[in-house]
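Residue numbers (this note's numbering): 9 to 474.
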Amino acid sequence: MKLQSLRRTALGTLAAASLVIGGAVSGHAADSPQPGAAAEPVLRDLAAAKGIYYGTAVTASKLNGTYGAVVGEQFDSITPGNEMKWESVEPTRGSYNWSGADAVVDYAEAHGQKVRGHTLVWHSQLPGWVSNGSWTADSLRTVMNDHIAAEAGRYKGRIDHWDVVNEPFNEDGTRRQSVFQTAIGDSYIADALRAARAADPTAKLYVNDYNVEGINAKSTALYNLVKSLKEQGVPIDGVGLQAHLILGQVPSTLQANIQRFADLGVDVAITELDIRMTVPPTSAQLTQQKAEYKAVTNACLAVARCEGVTVWGFTDSDSWIPDVFEGYGAATPYDENFQPKPAYYGIAEALGWSDGGTNPTGACAVTYTVQNQWNSGFTAQVTVKNTSTAAVNGWKLAWSWPAGQRVTQAWNATVTQSGTAVTAADAGYNAAIAPGATATFGFNGSWSGGNTAPTAFALNGTTCTA
Ligand code: G2I
Numbered sequence: 009m010k011l012q013s014l015r016r017t018a019l020g021t022l023a024a025a026s027l028v029i030g031g032a033v034s035g036h037a038a039d040s041p042q043p044g045a046a047a048e049p050v051l052r053d054l055a056a057a058k059g060i061y062y063g064t065a066v067t068a069s070k071l072n073g074t075y076g077a078v079v080g081e082q083f084d085s086i087t088p089g090n091e092m093k094w095e096s097v098e099p100t101r102g103s104y105n106w107s108g109a110d111a112v113v114d115y116a117e118a119h120g121q122k123v124r125g126h127t128l129v130w131h132s133q134l135p136g137w138v139s140n141g142s143w144t145a146d147s148l149r150t151v152m153n154d155h156i157a158a159e160a161g162r163y164k165g166r167i168d169h170w171d172v173v174n175e176p177f178n179e180d181g182t183r184r185q186s187v188f189q190t191a192i193g194d195s196y197i198a199d200a201l202r203a204a205r206a207a208d209p210t211a212k213l214y215v216n217d218y219n220v221e222g223i224n225a226k227s228t229a230l231y232n233l234v235k236s237l238k239e240q241g242v243p244i245d246g247v248g249l250q251a252h253l254i255l256g257q258v259p260s261t262l263q264a265n266i267q268r269f270a271d272l273g274v275d276v277a278i279t280e281l282d283i284r285m286t287v288p289p290t291s292a293q294l295t296q297q298k299a300e301y302k303a304v305t306n307a308c309l310a311v312a313r314c315e316g317v318t319v320w321g322f323t324d325s326d327s328w329i330p331d332v333f334e335g336y337g338a339a340t341p342y343d344e345n346f347q348p349k350p351a352y353y354g355i356a357e358a359l360g361w362s363d364g365g366t367n368p369t370g371a372c373a374v375t376y377t378v379q380n381q382w383n384s385g386f387t388a389q390v391t392v393k394n395t396s397t398a399a400v401n402g403w404k405l406a407w408s409w410p411a412g413q414r415v416t417q418a419w420n421a422t423v424t425q426s427g428t429a430v431t432a433a434d435a436g437y438n439a440a441i442a443p444g445a446t447a448t449f450g451f452n453g454s455w456s457g458g459n460t461a462p463t464a465f466a467l468n469g470t471t472c473t474a
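Structure, rendered in structure tokens:
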């Protein structure tokens, strides 16, 4: 059974990072919903009510400003993206640097969040002294066990889940020939798990891998490993399915696969979810991504032993995808300006949130007209049409500026801007937009260098045709 959590979170606010224009303060809607509008979802609270956690990978140095505010407000588990990896914490033998890892654990404790420790034993991001050393089974086992004792021991009692061993398999289900595999042999996984249990008896110990989300040769090898570890009494508590997915390729066997691990008597977590697509994304792709984030979240919710979901970076500005897959990106639930994308609402909907019937079919069209422009300023008018068959009751229209423009004064909407991200909220009297009807607002802005129109708009989180 999933436990219902009664914990309330201390809500942070994004207002401090927003420039407020036009009089009324438009706080983050979780704190102060607009009249007539459904409250903005808070993923961590929705997840807790469903008995799971919702987490994100983070970069320690970015945990401030808007980035830090969103992490604290929306997520109840965090995973350091790089700061707990071997090369980060023990670059030379026996000499440790805990600064990034400490920062993440401290941040989590200050925000009532779980921590996924990532990762103790992995072939990648290993310091040269480990990967290039010449080892016997005994000498490398000693080094590995010492590393685990030092790192898991330092954070004893403060880590909820450890990815003890990361990515031990090849695609065909054979063992990856890492330095640990070649020097120590198959038993290195059991050794690592035992060392982690000794160092931190309360952390749940996981083996984590990618391309193991559906039922396939690799996930079956992982299944057989877990089965055999359980039979030998090796401490293993869970299996992490990373879930670095491609749009249109969510495995149809995801839920069945989670279930078969649960049936072995271990927990399961989605540990590194992202869903990449070709960029720039079309609105159809973003809508499909929403459905796929929702489906992955639903698959976890459907299996009692699935503990939670972690996205691998919550914003497209902090994602590994563009660096590694040329021409791909837009893989996370927030855009580069920290604006929630349709995917974010897909997660929220899976977690039981509803926008209260506002714009349920998500159809809208936006006309953006620059009516007047002078050397440093301009006046624009925006018309939002509800092209769905249901009434919109309360609206927020989001866009980002392509050329650094700033809104200076608005009418018929409350407009806030943070960096290049702009949100226009209804002014109360124009909150309702009947099917087929429009709402119009305007503003003055400043520009320099260029004043090209925004290319994409989202109404209540759903992309409109522009
Ligand atoms: O590769 C995606 C993930 C696959 N599963 C295990 C995860 O640990 C892994 O995370 C990524 C990080 O998100 C990246 O940030 O692991 C990459 C390395 O395998 C990380 O990239 C590295 C860059 O390659 C380095 O150039 C950079 O110095 O991040 C480092 C720190 O920013």
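Think of the CB as a built atom: it goes at the ideal place given N, C-alpha and C, for glycine as much as any other residue.
Shortest alpha-carbon distance to residue i belongs to which of the options?
i    : options                : result
M92  : W328, H126, F188       : H126
T144 : A116, Q189, D114       : Q189
N420 : T387, F449, W409       : F449
P254 : A203, Q267, G335       : Here residue 254 turns out to be Ile, not Pro, going by the sequence shown. I254 has its Cα closest to that of G335, out of A203, Q267, G335.
R428 : W409, A270, N459       : Here residue 428 turns out to be Thr, not Arg, going by the sequence shown. The candidate whose alpha carbon is nearest that of T428 is W409.
R166 : W130, Q82, V123        : V123
G277 : A435, G248, R149       : Note that residue 277 is Ala in the sequence shown, not Gly. Taking only the C-alpha atoms, the option nearest A277 is G248.
I197 : A418, S325, N216       : N216
V378 : G402, S139, V415, V400 : V415
D324 : N265, A351, T424       : A351
A160 : E98, G63, S147         : E98
G457 : D168, G385, S69, W407  : G385
A140 : K58, A191, A406, G73   : In the sequence under discussion, the amino acid at residue 140 is Asn, which differs from the Ala named in the question. Here the closest residue by C-alpha is A191.
Q267 : S227, T286, Q296, Q257 : S227
G444 : A399, W403, V423       : A399
Y61  : R313, T446, I244       : R313
F322 : Q257, I283, D331       : I283
W94  : P135, A57, V79, L148   : P135
S236 : S195, A207, Q417, D208 : S195
A225 : A439, T182, T471       : T182
Exposed or buried, which one is residue i when buried takes at least 16 other CB atoms within 10 Å?
i    : result
T340 : buried
W382 : exposed
T473 : exposed
G469 : buried
K302 : buried
E179 : exposed
P348 : buried
A433 : buried
I356 : The sequence given here places Ala at residue 356; Ile does not occur at that position. The residue in question, A356, is buried, as its Cβ has 16 or more Cβ neighbours within 10 Å.
Y437 : exposed
T397 : exposed
S85  : buried
Q293 : buried
R101 : exposed
A107 : Reading off the sequence shown, one finds Ser at residue 107, where the question assumed Ala. So S107 counts as exposed.
T460 : exposed
Q133 : exposed
G31  : For G31, the predicted model reports a pLDDT of 24, less than 50, meaning its position is unreliable; a value from the coordinates is still stated below. Under this definition G31 is an exposed residue.
N345 : buried
N232 : exposed
P88  : buried
Q413 : buried
Q257 : exposed
P462 : buried
V319 : buried
T424 : buried
T290 : exposed
With residue i and residue j assumed to form a contact (beta carbons below 8 Å), what rounded beta-carbon distance in angstroms separates them?
i    : j    : result
G337 : S327 : 7 Å
G477 : K238 : In this structure the chain extends from 9 to 474, so residue 477 is not present and cannot be described.
T305 : A358 : 4 Å
A411 : W361 : Not a contact, Cβ separation roughly 34 Å.
L281 : A251 : 4 Å
G246 : H131 : Wrong, their Cβ atoms sit about 21 Å apart, outside the cutoff.
Could you say if the segment 443-461 and the segment 387-400 meet the contact criterion of at least three C-beta pairs nearer than 8 Å? In short, these stretches touch, since the Cβ pair count reaches three.
In chain order, which continuous runs of the beta strand (DSSP E) of length 3 or greater are located wholly inside the segment 290-353? 314-319
So within the segment 375-427, which uninterrupted beta strand (DSSP E) runs reach at least 3 residues, ignoring any that extend past its ends? Within the segment 375-427, the complete beta strand (DSSP E) runs of at least 3 residues fall at 385-394, 404-408, 414-419, 421-426.
For the segment 170-185 against the segment 102-112, do three or more pairs of beta-carbon atoms, one drawn from each stretch, fall closer than 8 Å, so that the two count as touching? At 8 Å Cβ cutoff, the stretches do not touch.
Quick check: the segment 195-211 against the segment 145-160, are at least 3 beta-carbon pairs closer than 8 Å? yes
Completely contained beta strand (DSSP E) runs for the segment 66-120, where each covers 3 or more residues: 85-88
Evaluate contact between the segment 217-230 and the segment 258-274, counting only Cβ atoms and requiring at least three cross-stretch pairs below 8 Å. yes
In chain order, each alpha helix (DSSP H) run of at least 4 residues that lies wholly inside the segment 124-175: 136-139, 145-162
Given 8 Å, three or more beta-carbon pairs between the segment 44-63 and the segment 77-84: yes
Which complete alpha helix (DSSP H) runs does the segment 211-273 hold, if anything under 4 residues is left out? 225-239, 262-271
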